[in-house]
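Asks:
Number of protein chains: 2
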Amino acid sequence: MNADKIRARVEGFSEVCRQNGIKTTHQRSVIYRELVETDEHPDVETIYKRVKLKIPEISLDTVYRTLRLLEEKGIISRLGSHTERTRFDANADQHHHFVCTQCGLVSDFYSEELNAFPPPKAVNTVGVVHAVHVEMKGICNACAEAHGE
Amino acid sequence: MNADKIRARVEGFSEVCRQNGIKTTHQRSVIYRELVETDEHPDVETIYKRVKLKIPEISLDTVYRTLRLLEEKGIISRLGSHTERTRFDANADQHHHFVCTQCGLVSDFYSEELNAFPPPKAVNTVGVVHAVHVEMKGICNACAEAHGE
DNA sequence: GTCGCTGCAAATTATTTGCAGCGTA
DNA sequence: TACGCTGCAAATAATTTGCAGCGAC
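Structural data, given as structure tokens:
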């Protein structure tokens with residue numbers, strides 16, 4: 001993310017809070033800013049350490065609470081759909097997943113085109129791709145019906 | 150996965166163990182079979198409960214150990230690249246990730262084509278897709294160099 | 001001033017580990 | 001037979017929660 005965009009995000013934070021009906025506290029602003037200013041996708045402990053430099057008396061659970069809150073509001077996201085427990089898959093063929101954001105259902109699907117999708121140029125400057133995994137998120141039929149009726 | 154394929158996988162398990170230099174124990178066979186026979190991507194607790202019906206004296210940590218072992222050997226996989234701690238991302242634009250399987254680096258990239266990739270027909274029978282997220286796994290340049298030299 | 005937010009400490013949940021006996025190769 | 005594997009119980013690590021005082025609106 002470029003500097004202008006970062007600044008805009010940070011400055012707009014209290015407005016975003018207002019829109020989401022939550023208070024703009026000093027702790028939340030600092031945590032959010034820390035996350036916007038980096039592209040390292042840090043973990044909670046890392047964010048905590050960095051925020052602690054600015055607010056030494058902050059507690060780890062405030063960081064947890066804030067991140068969870070911002071995630072619930074859709075302001076930030078967590079990597080790799082970590083929400084629940086670890087789940088396993090014995091399907092050894094290359095495949096992809098459809099994930100229902102409502103009920104958590106995960107179903108496999110196959111796509112030669114996706115398996116073979118050429119990495120964008122930008123990716124090639126970062127490293128060499130060995131595998132492509134696609135996660136399509138949406139609402140499964142069962143949930144859609146339950147909702148529609 | 151169809152019935153023939155399942156049978157083939159289950160029958161081939163001891164051979165797979167031999168190839169990977171691990172012993173084929175009753176517990177491992179049952180755990181593996183349980184995972185191959187379902188397409189539900191169960192969590193550890195669920196697998197444990199099911200296996201317990203066949204081996205009542207099995208312990209939860211054997212299930213953990215076995216799943217971890219099979220994963221290390223590449224025989225099964227875990228969903229959503231859960232290996233490490235939860236990580237966060239404040240990038241609100243639709244984007245994708247390149248993940249280095251060596252050092253864990255995650256970097257963002259953008260691709261209009263991927264954002265707009267039409268869901269395969271098979272997916273449309275399961276539900277409605279709202280978002281597409283692609284994870285490309287590979288080796289980043291830093292790791293490649295460290296390895297090459 | 002009110003009610004949500006924070007820090008503290010303790011609780012929970014998921015996962016891992018040390019050890020001695022057992023079973024596979 | 002030998003050494004890896006298992007069950008048990010206890011240890012860790014990650015994350016959540018109850019409570020009383022504080023601060024944003």
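So the protein lines, in turn, are chains A and B. Take the first sequence: its position 5, counting from 1, is numbered 5 in my numbering, and each next residue is one higher. Position in the second sequence (first residue = 1) + 149 = my numbering. Cβ coordinates follow ideal geometry from the N, Cα and C atoms, glycine included. Please read these numbers as outputs of a predicted model, since none were measured by experiment.
(1) Less than 7 angstroms separating the beta-carbons of A:D89 and B:H190?
(2) So what does B:V212 bridge to, in DSSP terms?
(3) Please list the residues of the stretch 38 to 53 of chain A that have a C-beta atom closer than 9 angstroms to any C-beta atom in chain B, keeping them in chain order.
(4) For A:E15 and B:E220, I'd like the C-alpha separation in whole angstroms.
(5) Quick one: which chain A residues come within Cβ less than 9 angstroms of B:C289?
(6) Can you give me the Cβ contacts of B:K286 inside the same chain, cut-off strictly under 7 angstroms, excluding the 5 residues immediately before and after it?
(7) Report all residues from its chain with a CB closer than 6 angstroms to the CB of A:C140; omit the five preceding and five following residues, and keep chain order.
(8) Does B:E261 get closer than 7 angstroms to chain A when you measure Cβ to Cβ?
(9) Determine, using beta carbons only, whether A:R87 and B:D192 come nearer to each other than 7 angstroms.
(10) Determine which residues share a DSSP beta bridge with B:I288 and list them.
(11) Taking the alpha carbon of B:V212 as the reference point, which residue from B:R182, B:N240, B:D188, B:G229 has its own alpha carbon closest?
(12) Could you spell out the range, first to last residue, of the beta strand (DSSP E) harbouring A:F109?
(13) Classify A:G80: buried if its beta carbon has 16 or more other beta carbons within 10 angstroms, exposed otherwise.
(14) Closer than 7 angstroms, CB to CB, is A:P120 near chain B or not?
(15) Three-state secondary structure (DSSP) at B:F237?
(16) Just mark A:H130 as buried or exposed, buried being the case when its beta carbon has 16 or more other beta carbons within 10 Å.
(17) At which residues does the beta strand (DSSP E) containing A:F98 begin and terminate?
(18) Considering only their Cβ atoms, is the gap separating A:H97 from A:Y110 smaller than 7 angstroms?
Replies: So, from the data block:
(1) yes
(2) In DSSP, B:V212 forms no bridge with anything.
(3) T38, D39, E40, H41, P42, D43, V44, E45, T46, I47
(4) 45 angstroms
(5) V126, G127, V128
(6) V248, T250
(7) C100, L105
(8) no
(9) yes
(10) A:V128
(11) B:R182
(12) 106 to 109
(13) buried
(14) yes
(15) strand
(16) exposed
(17) 96 to 100
(18) no
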